[in-house]
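Have a look at the structure below, then the notes.
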Amino acid sequence: MDRLMNLSDLTVERGGHTLLSGLSCQFNAGEVVVVLGPNGAGKSSLLLAMAGLIPATGTIELAGQPLASYGRDELSRSIAWQGDLPPTEFGLTVSQRLKLAAGEDAKTIGSTAATMDIAPLLQRPLGELSSGERQRTELAALMLRNTPIWLLDEPTAHLDLKHQIHCINMLKAQRERGRAIITVLHDLQQAMAIADHLILIDGKGGAEYGEAKRLFASERLTKLFDAPVITQGAVLVPDYGEMK
Amino acid sequence: MMLRWLALFIAVAGCLLLGMATGEQWINPFSASDTLEKTILWNLRFPRLLTAFAVGGLLALAGAWFQVLLGNPLAEPYVLGVAGSASAGAVTGLMFMPESAWVMSAGAFVGAWIGIVAVMFFSHLGPNRMLLAGVVLAAFWSAVLALLLALLPEQGLFRAFSWMMGDLSHSDLPAPLLLLAWLIALTCGLLLSKSLDKLLLGERHAEALGVDVKRLRQRLLLLASAVTALAVTAAGTIGFVGLVIPHLMRLLFGSLHRAVLPASAIGGGLLLVLADSAARTVIAPAELPVGILTAIIGVPVFLLLLLRRN
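Chains as they are written, first to last, in the numbering used here: chain A, 7 to 250; chain B, -6 to 303.
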């Protein structure tokens, strides 16, 4: 497998507070790495640091070269980042939003929009859409970025069940095409469905990287989230107590 | 869309003709016979209309840039205090050289650049903090202006107030120079238009799409402030154009800047030409401050369009 990105002894700080330190791992083509951890642990900040959008100490290498040696434009051709929903004040339409992501290669906008179930919305302003529709627009924008690395911050947020499944299947298909996908998720079943490797961030500065098979264990996740996680059949699920 | 562009160009041509014809005396531009009428048309009205067109266009361009730069649709060219510092500079000039014809423009230009330098200290801040810094700076310059006006001899007050409400009758900058500035500003804007479009998605998304946001913000701040300084120097503080014209043009031509910027540059010019024509005519031979008429003409048009679009 092609190694696309390498982190070595990475430390991420925000506002003078160390979120995670000493993280070392690598990301290969055709692999999904899921980042798990409690709120505020630094999952989103890790992705931002990997995208070169916030500073971090340690080493981040992209195709063997330090991330800092790349210009913004060069980085955008290698890494696509999906984060918060963009603002809607200025009346951009779905079609315009997708064109901004597609750049010169705008031919596939129609088919990509159809894939994400937003073809009928193309001429609508983003501000008129529901959060779920806007999230699907962001996923379509992501699909139009032909970059080898995807950094996704909760790609299934705001989505209904049908589109959550659709999103996870889309990520699986992108993995098959050789994309390296690093994604923050909160749903354990979704994580188990796609993760090859996991990064666990505990919110106390610690971070652990390893094979998903090894790290998916109820005791480990119970400790990570400070909440009960139990095994139910072949999957790990939160323990909500007695069901009605 | 082509029809809308055509309508905009026809409206500009129509308003320029109307502006040539109206004033204290109605003159048909196509049949001006005697020398006096030709002098009024070509030496007085025409340069003034060109000045109005260029200043209106510059203000609308600056407004569009400030709105994107600050990520705030309520932003306008004067939001960061440049108009306040320019006004303070103009009144200072008037205080020391009350007889001079050009002193208010020179003072405004110096004052505007003092305001720009002050704003540039905050260019590294995010949009919200920058806006806050700008609003506080604007309040400071307002206080300085109020102090200067309190100290200004009574005979200078009328000139100061009419300048502060927008005055195209005493522009010291030649119209061709302002038109050249209009063209340069529009060209610079169009060169930045793709990056500006990406900035509509927010700073993070723009950076992720390859925009060097820090550099873009600095360039945009300098460009928008310089354009505002030039417009204020030429015609005093004319409100409303820079706030509403970019929104109006977004409603008509969409949000992408390759359309919004030229449409704003033309639409701003159109509004100010119309307002100035009315200002020269309504109570002729006296004149109304043009800033009053930009609001009186522009507000109903904008609100009507907003309601229809809704």
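Where is the CB? At the ideal position from N, CA and C, for every residue including glycine.
Here the structure is a predicted model, which means the values were calculated and not measured.
For residue i, which residues of its own chain have a beta-carbon under 8 Å away from its beta-carbon, when the five flanking residues on both sides are left out?
| i | result |
| --- | --- |
| residue 129/A | 99, 100, 101 |
| residue 257/B | 50, 53, 54, 56, 57, 238, 239, 242 |
| residue 200/B | 206 |
| residue 76/A | 58, 68, 84 |
| residue 136/B | none |
Apart from the five residues on each side of it in sequence, which residues of its chain come closer than 7 Å, Cβ to Cβ, to residue i?
| i | result |
| --- | --- |
| residue 97/B | 83, 86, 87, 156 |
| residue 16/B | 38, 273, 274, 277 |
| residue 124/A | 100, 139, 142, 143, 146 |
| residue 304/B | Lying outside -6 to 303, the shown extent of chain B, residue 304/B is not represented and no answer is given. |
| residue 20/B | 14, 30, 33, 34 |
In whole angstroms, what is the alpha-carbon distance linking residue i and residue j?
| i | j | result |
| --- | --- | --- |
| residue 63/A | residue 131/A | 40 Å |
| residue 153/A | residue 86/A | 6 Å |
| residue 19/A | residue 230/B | 45 Å |
| residue 268/B | residue 165/B | 20 Å |
| residue 215/B | residue 170/B | 19 Å |
| residue 117/B | residue 197/B | 15 Å |
| residue 33/B | residue 47/B | 20 Å |
| residue 213/A | residue 297/B | 57 Å |
| residue 89/B | residue 149/B | 11 Å |
| residue 293/B | residue 195/B | 31 Å |
| residue 10/A | residue 127/A | 35 Å |
| residue 188/A | residue 23/A | 24 Å |
| residue 143/B | residue 81/B | 12 Å |
| residue 44/A | residue 91/A | 21 Å |
| residue 248/B | residue 236/B | 15 Å |
| residue -3/B | residue 244/A | 57 Å |
| residue 71/B | residue 59/B | 9 Å |
Where does residue i fall in DSSP's three states?
| i | result |
| --- | --- |
| residue 200/B | helix |
| residue 47/B | helix |
| residue 205/B | coil |
| residue 275/B | coil |
| residue 186/B | helix |
| residue 7/B | helix |
| residue 95/B | coil |
| residue 112/A | coil |
| residue 15/A | strand |
| residue 213/A | strand |
| residue 3/A | With chain A running from 7 to 250 in the structure shown, residue 3/A is simply not present. |
| residue 248/B | coil |
| residue 10/A | strand |
Below 6 Å CB to CB, which residues in the same chain sit around residue i once its five sequence neighbours on both sides are set aside?
| i | result |
| --- | --- |
| residue 188/B | 204, 209 |
| residue 60/A | 54 |
| residue 73/B | 112, 127 |
| residue 250/B | 186, 189, 190 |
| residue 195/A | 241 |
| residue 131/B | 74, 77 |
| residue 226/B | 98, 101, 102 |
| residue 91/B | 149 |
Find out if the Cβ-Cβ distance for the pair residue i, residue j is shorter than 9 Å.
| i | j | result |
| --- | --- | --- |
| residue 123/B | residue 62/B | yes |
| residue 161/B | residue 45/B | yes |
| residue 217/A | residue 193/A | no |
| residue 306/B | residue 266/B | Because chain B in this structure spans residues -6 to 303, residue 306/B falls outside the shown range and cannot be described. |
| residue 221/B | residue 105/B | yes |
| residue 183/B | residue 254/B | yes |
| residue 310/B | residue 1/B | A query on residue 310/B cannot be resolved here, the shown segment of chain B reaching from -6 to 303 and no further. |
| residue 136/A | residue 169/A | no |
| residue 181/A | residue 41/A | no |
| residue 119/B | residue 218/B | no |
| residue 211/A | residue 16/A | no |
| residue 292/A | residue 205/A | Since the first residue of chain A shown is 7 and the last is 250, residue 292/A is not available in this structure. |
| residue 111/A | residue 150/A | yes |
| residue 207/A | residue 49/A | yes |
| residue 158/A | residue 88/A | yes |
| residue 202/B | residue 51/A | no |
Exercise for review: Just list the alpha helix (DSSP H) runs in the stretch 110 to 155 of chain B, keeping only unbroken ones of 4 residues or longer that don't cross its boundaries, in chain order.
Suggested key: 120 to 144
Practice item. Could you name each continuous beta strand (DSSP E) segment of 3 residues or more that falls completely within the stretch 16 to 85 of chain B, going from the start of the chain to the end? Key: none
Check your understanding: Which ranges does the beta strand (DSSP E) cover as unbroken runs of at least 3 residues, wholly within the stretch 46 to 76 of chain A, from first to last along the chain?
Key -> 63 to 68
Review point. Going along the chain, which unbroken runs of the alpha helix (DSSP H) with 4 or more residues stay wholly within the stretch 122 to 195 of chain A?
Key: Listed in chain order, they are 137 to 149, 167 to 182.
Review point. Listed in chain order, which residues of the stretch 199 to 226 of chain B have Cβ atoms closer than 7 Å to some Cβ of chain D?
Key: Absence of chain D from the displayed structure is noted, the protein chains being A and B.
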